[in-house]
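Q:
In the working numbering, the protein residues as written are 80 to 509.
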């Protein structure tokens, strides 16, 4: 049975959303929060209704260089449904093409100045690419390393107005140049290839996603995308997080400590965080990033992992996203969702003030993926009374000719982009 979405501004019950397979996302939601005693019994229930946050950035545009590509990007701010905390959006993403090469990236800020760092990273990444790409045409991965090193050194400079001692940023940069995807990453922002090839040209990266929550696994099954030809999900980047055993051993050998937080009953729970001995810093779940200079002596560094992968006829798309996606969706979930809806999704954003719900008829595939991740977060809110994380992704579709396309819908015309950027609205570009 499907869900009826009203034309008014009624809040839709979250459980109706995440327990169905409806690909339509309302502007308002309601959640049932439960108060649990020490024995796990529900002693109080409360219904909260709230408006879902609107994207601070949503773009869809032709990013073709020497191969035909279409890109879309979206950042949805997180939210505390209880209203107890005002959450700043610390995610941001970008895309840019000079006609010969295309660069894109996602950034996830942490700490008090996280949003300032992610904003700075986006601006500097684009500026350095524009001014320096011509000097790195035969060394594209070196350009990505140079971008990250330059940003880090500028932020560390005593004249910098952004304090990165106890704040930082995860990031993944991707550069498409001469039929190759080149990537550099720090932290837990991840890049995954949707493809029909079985393995990568280099050793395939293992996913750090471990489905520890039964209710998320059940929701994944209920909202799964059925495809006639299911592509493989090949992870290109390595997660630098406390789920990565190799990274954790490195941090421990450097003198760092690993510890879970306490719940309200005094029990350890949740992910492991990295701390300095006898200190309340930095308290982060990532082992590499731009920033957190207070923890350099315990192994927190800004040395990226890099990889290059040739784009072949079997490759359908690249998705790069922050933990707001990967914390609630597996690589397979994400790839199947994109494969199932990318060709039905709009290649142009419609003025969102005139729509009552987000769906394939009015939104790009990046917006749809972010909205889908947010539905999964609503389940987390109801089960764990948590906040909704910022959610960002960039999706790059390759126009490769193959008879094994997963496309289930009609190929949409590549219309000019309508953007929503930092709350400012622009008309269709000429």
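Beta carbons are placed, not taken as given, at the ideal position from N, Cα and C, and that holds for glycine.
1) Note down, one range per segment and in chain order, each alpha helix (DSSP H) of at least 4 residues found wholly within the region 393-437.
2) Does DSSP put residue 275 in a helix, in a strand, or in coil?
3) If I'm right that residue 241 touches residue 192 with Cβ under 8 angstroms, what's the distance once you round it to whole angstroms?
4) Closer than 7 angstroms by C-beta to residue 412: which residues in its own chain qualify, once you throw out the five before and the five after it? Chain order, please.
5) Determine the DSSP secondary structure at residue 123, reduced to helix, strand or coil.
6) Whose CA, out of 342, 400, 456 and 466, lies closest to the CA of residue 151?
7) Label residue 394 either buried or exposed according to how many other C-beta atoms from any shown protein chain fall within 10 Å of its C-beta, with 16 as the threshold for buried.
8) Under the three-state reduction of DSSP, which class applies to residue 254: helix, strand or coil?
9) Since residue 104 sits in a beta bridge, which residues does DSSP pair it with?
10) Less than 8 angstroms between the beta carbons of residue 469 and residue 187, yes or no?
11) For residue 329, which of helix, strand or coil comes out of DSSP?
12) Count the CB pairs spanning the region 219-234 and the region 199-209 that are closer than 8 angstroms, and state whether there are at least three.
13) Could you have a look at residue 157 and say whether DSSP puts it in helix, strand or coil?
14) Could you give the first and the last residue of the continuous alpha helix (DSSP H) run that contains residue 134?
15) Starting from the C-beta of residue 212, find all residues in its chain whose C-beta is less than 7 angstroms away, skip the five residues before and the five after it, and write them out in chain order.
16) Which whole-angstrom value is the C-beta distance of residue 474 and residue 386, which I expect to be below 8 angstroms?
17) Select from 471, 107 and 371 the residue whose C-alpha is nearest the C-alpha of residue 405.
18) Please indicate yes or no: does the CB of residue 444 lie closer than 7 angstroms to some heavy atom of the ligand PLP?
19) On a Cα-Cα basis, can you pick out the residue from 205, 376 and 133 that is closest to residue 354?
20) Suppose contacts are defined by Cβ-Cβ distances below 8 angstroms. Is residue 168 in contact with residue 135 by that definition?
21) On the DSSP letters alone, give me the boundaries of the beta strand (DSSP E) that residue 263 sits inside.
22) If you reduce the DSSP assignment to three classes, tell me which class residue 361 lands in.
A: Well, looking at it:
1) Taking only runs of at least 4 residues, the alpha helix (DSSP H) segments lying wholly in the region 393-437 are 402-405 and 410-420.
2) In the displayed model, residue 275 falls within coil according to three-state DSSP, outside both helix and strand.
3) Correct: roughly 6 angstroms between the Cβ atoms.
4) Beyond the five residues adjoining it in sequence on each side, residue 412 comes within less than 7 angstroms, by CB distance, of 299 in the same chain, given in chain order.
5) Correct three-state label for residue 123: strand.
6) Out of 342, 400, 456 and 466, 400 has the C-alpha closest to the C-alpha of residue 151.
7) Buried, by the Cβ-count rule.
8) In this structure, residue 254 counts as strand in the three-state DSSP scheme.
9) Checking the DSSP bridge columns, you'll see residue 104 partnered with 437.
10) A contact, by the Cβ cut-off of 8 angstroms.
11) Reduced to three states, the DSSP call for residue 329 is helix.
12) Yes: the two stretches touch, three or more of their Cβ pairs being nearer than 8 angstroms.
13) Looking at residue 157 - three-state DSSP - the assignment turns out to be coil, as it is neither helix nor strand.
14) Where residue 134 is concerned, there is no enclosing alpha helix (DSSP H), given that its DSSP letter is neither H nor E.
15) Within the same chain, Cβ atoms closer than 7 angstroms to the Cβ of residue 212 are found at 177, 180 and 222, the five residues on either side in sequence being excluded.
16) Rounded to the nearest angstrom, the Cβ distance from residue 474 to residue 386 is 19 angstroms, too far for a contact under 8 angstroms.
17) Answer by Cα proximity: 471.
18) The ligand PLP is not part of the structure shown, which contains no ligands of any sort.
19) It is 376 whose Cα lies nearest to the Cα of residue 354.
20) In this structure, residue 135 lies closer than 8 angstroms to residue 168 by Cβ.
21) Note, residue 263: beta strand (DSSP E), 259-265.
22) Of the three classes helix, strand and coil, the one that applies to residue 361 here is strand, per DSSP.
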